[in-house]
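J.: The sequence shown: position 180 = 852 (the working numbering), numbered continuously. All residues carry an ideal CB built from backbone N, CA and C; glycine is no exception. The structure follows.
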Amino acid sequence: MKLIAHYHNPRLAQGAVDYIKTQGIECILRSHDGQQVEVWLERGDEQQAIYLWQQFIANPEAKRYQAASWQTGSTAGLFNYQGQKLNLVQRFLTLNWLLQGVFAVSIIVFITMLFGDANHIFSLFRFSLDKPWAWITPTLIHFSAIHLIFNLSWWLHLGAQVSKRFGLWSLICIYFVTGTTSNFMQFVFVDANFGGLSGVVYGLLGFCWIIGHKNPQQLPLVSKPVVGFMLLWMLFGFTDTFFISMANWAHLFGLLSGMFIAACWPNNQDKREV
């Protein structure tokens with residue numbers, strides 16, 4: 673794939689892409705925020721695609737673009753515009769069992785700690801060198817609602833991106849490698865009094881980031897602004913700027929282990945889920 677254009681209006685861009693498709697050229701739209709869109713060429717004449725896009729830029733309101741959307745049956749577009757339903761439940765049900773399982777267990781553990789014996793629950797999931805399962809179970813512990821929501825949101829977003837492109841087994845590998853690595857290094861540098869999915873989240877971030885650099889011809893799994901924000905958040909954690917207790921070493925080594933997996937990953941190893 674090749675990026676050929678950007679545009680600020682998803683509705684109009686959808687019509688342009690649909691029109692280009694009627695000319696025998698396959699393009700798709702990609703957006704990170706639902707407002708700015710990227711036009712990616714999948715196959716076909718690049719010069720002709722650029723020429724057709726320039727025609728659209730000159731007259732984006734032309735009727736042929738809306739007509740093309742009706743012709744291709746894509747008038748609803750690929751984006752959730754204001755007033756449309758998000759269908760979050762439906763989207764969640766389409767995710768694989770690992771994404772759903774980690775999400776559900778994390779919520780159950782959090783609620784149990786909130787209304788039950790938090791110290792006892794924590795002791796069951798706490799990192800321990802002599803218990804193999806306890807190298808990964810700290811990823812399921814969260815100490816506040818904000819902590820839980822932040823981690824699970826990124827887990828579902830980045831995890832879904834990885835599993836759709838590379839398959840479930842790839843996500844399983846990244847989860848366990850980055851989870852055990854980040855937990856162990858947090859224990860080595862501090863102690864066992866920590867928990868959270870942040871190490872895995874940063875592992876997924878590092879993986880998506882490096883994979884994007886290795887395969888610039890493909891759609892990026894994560895945008896540069898997101899990478900920049902997450903790196904700044906990690907750095908701020910080391911400075912204690914926000915006066916929040918964070919497992920900073922888990923974040924760092926989760927990121928590094930995810931980057932290492934991506935660096936070792938075969939190029940163009942694309943195994944989409946079906």
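May I have the straight-line CA-CA distance separating G773 from F728, to the nearest angstrom?
T.: Walking along the sequence shown from the start, residue 773 turns up at place 101. Walking along the sequence shown from the start, residue 728 turns up at place 56. C-alpha separation (whole angstroms): 45 Å.
J.: Reducing DSSP to helix, strand and coil, say where K674 ends up.
T.: Working through the sequence shown from its first residue, we reach residue 674 at position 2. Looking at K674 - three-state DSSP - the assignment turns out to be strand.
J.: In whole angstroms, what is the alpha-carbon distance linking Y679 and G868?
T.: Within the sequence shown, residue 679 is the residue found at index 7, counting from 1. Within the sequence shown, residue 868 is the residue found at index 196, counting from 1. Spanning the two alpha carbons is a distance of roughly 38 Å.
J.: In the DSSP output, what is S703 paired with across the bridge?
T.: Reading the sequence shown from its first residue, position 31 is the one you call residue 703. According to DSSP, S703 bridges with V709.
J.: Count the CB pairs spanning the stretch 852-859 and the stretch 802-820 that are closer than 8 Å, and state whether there are at least three.
T.: yes
J.: How long is the line joining the alpha carbons of K803 and G909, rounded to whole angstroms?
T.: Here residue 803 corresponds to residue number 131 of the sequence shown, with the count starting at 1. Here residue 909 corresponds to residue number 237 of the sequence shown, with the count starting at 1. The alpha-carbon atoms of K803 and G909 are separated by roughly 29 Å.
J.: For L713, I'd like the list of residues in its chain whose CB is within less than 6 Å of its CB, leaving aside the five on either flank, ordered along the chain.
T.: Along the sequence shown, read from residue 1 onward, the residue named residue 713 stands at position 41. Answer for L713: K674, I676, C699, A721, listed in chain order.
J.: I'd like the list of long-range same chain contacts for M918, defined as Cβ closer than 6 Å, with 5 residues on each side in sequence excluded.
T.: The count along the sequence shown starts at 1 and reaches residue 918 at position 246. Result list for M918: G909, in chain order.
J.: Using only alpha-carbon positions, find the residue among A922, Y874, D912 that is nearest to L903.
T.: Along the sequence shown, read from residue 1 onward, the residue named residue 903 stands at position 231. It is Y874 whose Cα lies nearest to the Cα of L903.
J.: Drop a sphere of 10 angstroms on the beta-carbon of Q726, count the other beta-carbons inside from all chains shown, and report buried for 16 or more, exposed for fewer.
T.: On the sequence shown, residue 726 is found 54 positions in, with the first residue counted as 1. By the neighbour-count rule (16 or more Cβ atoms within 10 Å), Q726 is not buried but exposed.
J.: If I'm right that N887 touches N939 with Cβ under 8 Å, what's the distance once you round it to whole angstroms?
T.: Sequence index remark: in the sequence shown, residue 887 carries index 215 (1-based). Sequence index remark: in the sequence shown, residue 939 carries index 267 (1-based). Confirmed, about 6 Å.
J.: Do L876 and G788 have their C-beta atoms within less than 8 Å of each other?
T.: In the sequence shown, residue 876 corresponds to position 204, counting from 1. In the sequence shown, residue 788 corresponds to position 116, counting from 1. No, the Cβ-Cβ distance between L876 and G788 is not below 8 Å.
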